[in-house]
Structure formats: C-alpha cells, structure tokens
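For the sequence shown, position 72 (counting from the first letter as 1) is numbered 65 according to our numbering, and the numbering increases by one without interruption. The beta carbon of each residue, even a glycine, is placed where N, CA and C say it ideally should be.
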Amino acid sequence: MPENAPRITRIRLDASADAVRADRLLRRLLPQIPLSHIHRMFRKGAIRVDGKKIGPAERLRAGQTLSLRLHPQDAAALD
C-alpha cells in the first residue's frame, strides 16, 4: 500500500460516547483536525458507523463501531 494512501481506523464506542453527536465526538478525538475538515469527511462518506454513512448530527450509541478513512497526516492525530 502506498504511504500516502488513506488508512481505515475503527473505534469501538464505549459508554462515554452514548448519545453524543458524531461531530462532537470526533472533535474530541481529533483536536488537531479543523472542524471544517471533519465536516468535509462526513460529506465524502469517510466517516461511518457500523458500515453506514452518517451525518454530523447523528447521535452515537455505546457498542457501535466508528470507521474513519484518514489520510496519513490526519491519522497521526489519533496516535
């Protein structure tokens, strides 16, 4: 896989994510990434829950799996 290829990161949501809006949770998880970029990721379908595209206002639940398609520079924010 090329170095600059997007990476899929999966996060199993725990009780702290229950009833939290998706955009607010991602803002917490990825503070180095501008909110405008996070919203662009939603529009492009790079953010999914249990395999389905979601919008930024989607309320999340514990036990769901959040999948993020991140470019290498964005993925570094999770490390």
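Sort out for me which residues DSSP pairs residue i with in a bridge.
i, result
"Lys46", "Arg41"
"Ile1", "Arg62"
"Arg14", "Arg52"
To the nearest angstrom, report how far apart residue i and residue j are at their CA atoms.
i, j, result
"Ser60", "Gly38", "10 Å"
"Phe35", "Asp7", "21 Å"
"Arg33", "Arg17", "14 Å"
"Leu23", "His30", "11 Å"
What do you reckon, are the CB atoms on residue i and residue j nearer than 7 Å?
i, j, result
"Ile1", "Arg62", "yes"
"Pro49", "Ala12", "no"
"Arg5", "Thr58", "yes"
By the 10 Å Cβ neighbour count, where 16 or more other Cβ atoms means buried, how is residue i classified, buried or exposed?
i, result
"Ala(-2)", "exposed"
"Asp67", "buried"
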